[in-house]
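Participant: Quick one: this structure, given as structure tokens, is what I'll be asking you about.
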Amino acid sequence: MRTISCNSEAAHPFRVAGRVADPVARILGSFLLLVITLLLPTGVYAQSQTELKDTKPSRDSRIVDTAPVVVNGKVRFHVVGVSAHPAERRAHEIARRIEALAKDPKFDPKTLRTKDAGAYHQILPDEGGKPIFRVLEADAKFEGVLRTVLAKTLLNNIAESINDYRHDRKPAVLIKNALYALGSTLVLIALLCSVFWCFRRLNGFLERRFKLQMQNLEARSKHLFRGEQFWSLLHGALRMLRALVVLFLIYVFANYALSLFPQTRYTAHRLFQLVMSPLGGMVDAVIDFIPALVFLVVLFLITRYVLKLARGVFTAIDNKRLKIKGFETDWAWPTHRIVRLGIILFALVIAYPFIPGSDSAAFKGVSVLLGVLFSLGSTSVISNVIAGYTMTYRRAFRIGDWVKIGDTVGDVTEMRVLVTHLRTPKNEEVVIPNSTILNGEVTNYSTMARDQGLILHTTVGIGYDVPWRQVEAMLLLAAENTEGLLKEPKPFIRQKSLADYAVNYELNAYCGDASRMIELYTDMHRNIQDVFNENGVQIMSPAYKEDPAEPKIVPKERWYTPPATEPG
């Protein structure tokens, strides 16, 4: 540019479930202290997190094949699978043997025994019975206890399972549970009716309470805000909330009713785990995130303080309460935007490792995708941003300047990061991309007008028969009669050329307000015509063919021929 001027299941019974330099120095010192404060905890916390990850204990480096033993609809314990006997098959066979013993009314759980067979422990229904199952060394290793202890614990667990199986199938217990299920069904129906009734009342209350206000707001906004759309959105939100409440009540009822009967109790357990396992995982994730959250909050507060400090500095520069040698006042807010963006980006770089999921492949993939989309779609935007800041620091023009950019002349009304707004003399708003301005030519008429005055110039052709001294005097008189032109420096005349039929005189006069250029040119041309007519001198430009019989002038008495009227 050239300028011119997851939780584990609770099914394990053996596991516990003034001067310029002074303020600047103080500001820089405060900023340096904040940066050090910001960086030190970052490194320490990141190192501690890495150490915790590296030293996190693991029960087994490989995945252990386990399966639950479900008796009477309840998960009693877990067993480990071996290569020749998978865990699921082993658990199913153990459960089947326990249920067979429970169905035998002659069997007494007190006769259960354990026997050490060397490589494993056996749990026997009696002294000479067939083993219910073998407690392997892998089971004890998985639970982290001695095999003898595990065998005794499982024996008690099996005895309890048999007693529960028989108790839950007594006719009196089944009738009682059936009555409980019927009662809970009636309660569910009553609650559902209450929910629908309450939401109908709430809907009616909201319409009575806010419908008139919505109508008034719609009228004040000239129908830009649509009341019907608001009510449609509100009713949709209420219906969604009602559906969530209904689903919650049905879920609680189903879980309770299914858990009453042994045949459906395990289904209730799975239904409960289906909802609570994800919630438990989320709660654990939130608890694990608390240290990082504390760090992010501290980082946010420090970043906010630094941003306020930076804003205060640049506000002082803009108000001229703080002066930095070589730093223009006009640069305050553009520089503030750059510094603010740098501080925010620096804080984001520090915060990134502590954001949940930031180290996942999905998060990284989305980040790369967004980066590629941004780089492909923002080439012209970035070039305009760079051009906008380049023009700011080059001081090509400022708001209020009268400039010419390309073929457009007008007043600079707004300077944005991407574009510049001009208002032309025809009251047109022209928006020019900053990259176009940077690669083109800009003429600023206001720069010199503020300091030394802008020279307005116009050329007239006068015949050789008129003395040049008279012509120059008349042109200076016309400039003197033009209000808005400066008296000092004085206007001056230059003879541009000796043409074939006339001498071309150029009148040069100074003005202090470039935005009045067009108005001053008009007044100056009017006064030139008046002065030359008064003195009987014919203006021969722009073309000349021959000398007329009479000079082509307008006598003074004909200056105000109708419909023209005399002033005053």
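The numbers in my numbering rise by one with no breaks, and the one at position 309 of the sequence shown is 719.
Quick reminder that beta carbons are idealized off the backbone N, C-alpha and C, glycines included.
Note that this is a predicted model, so its numbers are computed, not measured.
Determine the direct distance from the alpha carbon of R904 to that of L886, and round the result to whole angstroms.
Facilitator: To locate residue 886, count along the sequence shown from 1; it is residue 476. To locate residue 904, count along the sequence shown from 1; it is residue 494. One C-alpha to the other measures close to 11 Å.
Participant: Spatial neighbours of R652 within its chain, please: CB distance less than 6 Å, with the 5 preceding and 5 following residues excluded, ordered by chain position.
Facilitator: Numbered from 1 along the sequence shown, position 242 holds the residue referred to as residue 652. Hits under 6 Å: F609.
Participant: Going by the CB atoms, is the gap between Y799 and V822 shorter than 9 Å?
Facilitator: On the sequence shown, residue 822 is found 412 positions in, with the first residue counted as 1. On the sequence shown, residue 799 is found 389 positions in, with the first residue counted as 1. For V822 and Y799, no; Cβs fall outside 9 Å.
Participant: Decide if the segment 762-770 is in contact with the segment 693-706; the criterion is three or more beta carbon pairs, one per stretch, under 8 Å apart.
Facilitator: Yes: at least three Cβ pairs fall under 8 Å.
Participant: Does the structure place the segment 840-852 close enough to the segment 890-904 that three or more beta carbon pairs sit under 8 Å?
Facilitator: Because the criterion of three Cβ pairs below 8 Å is not met, the segment 890-904 and the segment 840-852 do not touch.
Participant: Can you grab the Cα-Cα spacing for the pair V605 / Q673, in whole Å?
Facilitator: As a first step, residue 605 is located in the sequence shown; it is residue number 195 there, counting from the start. As a first step, residue 673 is located in the sequence shown; it is residue number 263 there, counting from the start. Distance between the alpha carbons of V605 and Q673 is about 31 Å.
Participant: Report back the beta-carbon spacing between Q913 and W878 to the nearest angstrom; my notes put them in contact at under 8 Å.
Facilitator: As a first step, residue 913 must be located in the sequence shown, where it is residue number 503. As a first step, residue 878 must be located in the sequence shown, where it is residue number 468. Sequence inspection shows Val at residue 913; the Gln mentioned does not correspond to that position. With a Cβ gap of about 6 Å, V913 and W878 count as contacting.
Participant: Between the beta-carbon of I928 and the beta-carbon of Q939, is there less than 9 Å?
Facilitator: One-based indexing of the sequence shown puts residue 928 at position 518. One-based indexing of the sequence shown puts residue 939 at position 529. No.
Participant: How should E378 be labelled, buried or exposed, when 16 other C-beta atoms within 10 angstroms of its C-beta is the threshold for buried?
Facilitator: Outside the displayed range of the chain (411 to 978) lies residue 378, so it cannot be described from this structure.
Participant: Among A505, F773, F807, N567, whose alpha-carbon lies nearest the alpha-carbon of E824?
Facilitator: Looking up residue 824 in the sequence shown gives position 414. Answer by Cα proximity: F807.
Participant: Closest by CA to E491, which one among E537, F543, L832?
Facilitator: The residue labelled residue 491 in the question sits at position 81 within the sequence shown. The amino acid at residue 491 is misidentified as Glu; the sequence shows Gly. Residue F543 is the option with its Cα nearest to G491.
Participant: Give a yes or no on whether the C-beta atoms belonging to G850 and G816 are separated by under 9 Å.
Facilitator: Position 440 of the sequence shown, counted from the first residue, corresponds to residue 850. Position 406 of the sequence shown, counted from the first residue, corresponds to residue 816. In this structure, G816 lies closer than 9 Å to G850 by Cβ.
Participant: How about K580: is its C-beta nearer than 9 Å to some C-beta of chain B?
Facilitator: Going by chain labels, chain B is absent from the structure shown, which holds only one protein chain.
Participant: Keeping to the same chain, check which residues put their C-beta closer than 7 Å to that of W743; ignore five residues upstream and five downstream.
Facilitator: On the sequence shown, residue 743 is found 333 positions in, with the first residue counted as 1. Here the set comprises F724, D728.
Participant: Compute the distance between the beta-carbons of F640 and M650, then report whether it is under 9 Å.
Facilitator: What you label residue 640 is simply residue 230 of the sequence shown in a count that begins at 1. What you label residue 650 is simply residue 240 of the sequence shown in a count that begins at 1. No.
Participant: In three-state DSSP terms, what is A664?
Facilitator: Taking the first residue of the sequence shown as 1, we reach residue 664 at position 254. Here A664 sits in helix by DSSP.
Participant: For Y915, which residues of its own chain have a beta-carbon under 8 Å away from its beta-carbon, when the five flanking residues on both sides are left out?
Facilitator: One-based indexing of the sequence shown puts residue 915 at position 505. Here the set comprises T869, V870, G871, I872, W878, V881, E882, L885, I903, R904, Q905, K906.
Participant: CB-CB under 6 Å to S669, same chain, minus the five flanking residues each way: which ones, in chain order?
Facilitator: Here residue 669 refers to the residue found at position 259 of the sequence shown. Closer than 6 Å at the Cβ level, and outside the excluded window around S669, lie R675, A678.
Participant: Counting only runs of 4+ residues fully inside the segment 914-944, write out the alpha helix (DSSP H) ranges in chain order.
Facilitator: 927-944, all fully within the segment 914-944.
Participant: Since R805 and D740 should fall inside the 8 Å C-beta cutoff, what is the C-beta to C-beta distance between them, to a whole number of angstroms?
Facilitator: Taking the first residue of the sequence shown as position 1, residue 805 is located at position 395. Taking the first residue of the sequence shown as position 1, residue 740 is located at position 330. Sure, about 7 Å apart at Cβ, within 8 Å.
Participant: Could you compute how far the alpha carbon of A726 sits from the alpha carbon of L709?
Facilitator: To locate residue 726, count along the sequence shown from 1; it is residue 316. To locate residue 709, count along the sequence shown from 1; it is residue 299. Rounded to the nearest angstrom, the two C-alpha atoms are 26 Å apart.
Participant: Look at the alpha carbon of K586 and the alpha carbon of H577, and state the distance between them as a whole number of angstroms.
Facilitator: The residue given as residue 586 occupies position 176 in the sequence shown. The residue given as residue 577 occupies position 167 in the sequence shown. Taking the straight line from one Cα to the other gives about 12 Å.
Participant: Go ahead and pull the three-state DSSP assignment for F710.
Facilitator: For the purposes of this step, residue 710 is identified with residue 300 of the sequence shown, where counting begins at 1. F710: helix per DSSP, three-state reduction.
Participant: In this structure, how does DSSP classify N593 when only helix, strand and coil are distinguished?
Facilitator: As a position in the sequence shown, residue 593 is number 183, starting the count at 1. In the sequence as presented, Asn is not what sits at residue 593; that position holds Gly. G593: helix per DSSP, three-state reduction.
Participant: Out of curiosity, what's the CA-to-CA distance linking Q532 and S571?
Facilitator: As a working note, residue 532 is residue 122 in the sequence shown. As a working note, residue 571 is residue 161 in the sequence shown. The alpha-carbon atoms of Q532 and S571 are separated by roughly 18 Å.
Participant: According to DSSP, is A909 helix, strand or coil?
Facilitator: On the sequence shown, residue 909 is found 499 positions in, with the first residue counted as 1. Note: A909 maps to coil in three-state DSSP.
Participant: Exposed or buried, which one is Y970 when buried takes at least 16 other CB atoms within 10 Å?
Facilitator: On the sequence shown, residue 970 is found 560 positions in, with the first residue counted as 1. Answer is exposed; the Cβ neighbour count stays below 16.
Participant: Using DSSP bridges, identify the partner residues of M801.
Facilitator: Within the sequence shown, the letter at position 391 stands for residue 801. In DSSP, M801 forms no bridge with anything.
Participant: Rounded to whole angstroms, how far is the Cβ of P535 from the Cβ of L546, which I believe are closer than 8 Å?
Facilitator: On the sequence shown, position 125 is the one that residue 535 refers to. On the sequence shown, position 136 is the one that residue 546 refers to. The Cβ separation is near 19 Å, so there is no contact.
Participant: For my contact list, P478 and A494 are in at a C-beta cut-off of 8 Å; report their separation, rounded to the angstrom.
Facilitator: Taking the sequence shown and counting its residues from 1, one reaches residue 478 at position 68. Taking the sequence shown and counting its residues from 1, one reaches residue 494 at position 84. Actually they do not touch by this definition, with Cβ atoms about 20 Å apart.
Participant: How big is the Cα-Cα spacing for K525 and G538?
Facilitator: Translated into positions along the sequence shown, residue 525 becomes position 115. Translated into positions along the sequence shown, residue 538 becomes position 128. Each residue's alpha carbon lies about 11 Å from the other.
Participant: Would you decide whether V693 is buried or exposed? Buried here means 16 or more other CB atoms lie within 10 Å of its CB.
Facilitator: For this step, residue 693 is matched to residue 283 along the sequence shown. V693 is exposed by the Cβ-count criterion.
Participant: Using three-state DSSP, classify A456 as helix, strand or coil.
Facilitator: Taking the first residue of the sequence shown as position 1, residue 456 is located at position 46. Its pLDDT being 44, under 50, A456 is placed unreliably in this model, and the value from its coordinates should be taken loosely. In this structure, A456 counts as helix in the three-state DSSP scheme.
Participant: Between which residues of its own chain and R507 is the CB-CB distance below 6 Å, once the five residues before and five after are set aside?
Facilitator: Position 97 of the sequence shown holds residue 507. For R507, where only same-chain residues beyond five positions count, the Cβ hits under 6 Å are I542.
Participant: Keeping to the same chain, check which residues put their C-beta closer than 6 Å to that of A356; ignore five residues upstream and five downstream.
Facilitator: For residue 356 there is no data in the structure shown, the boundaries of the chain being 411 and 978.
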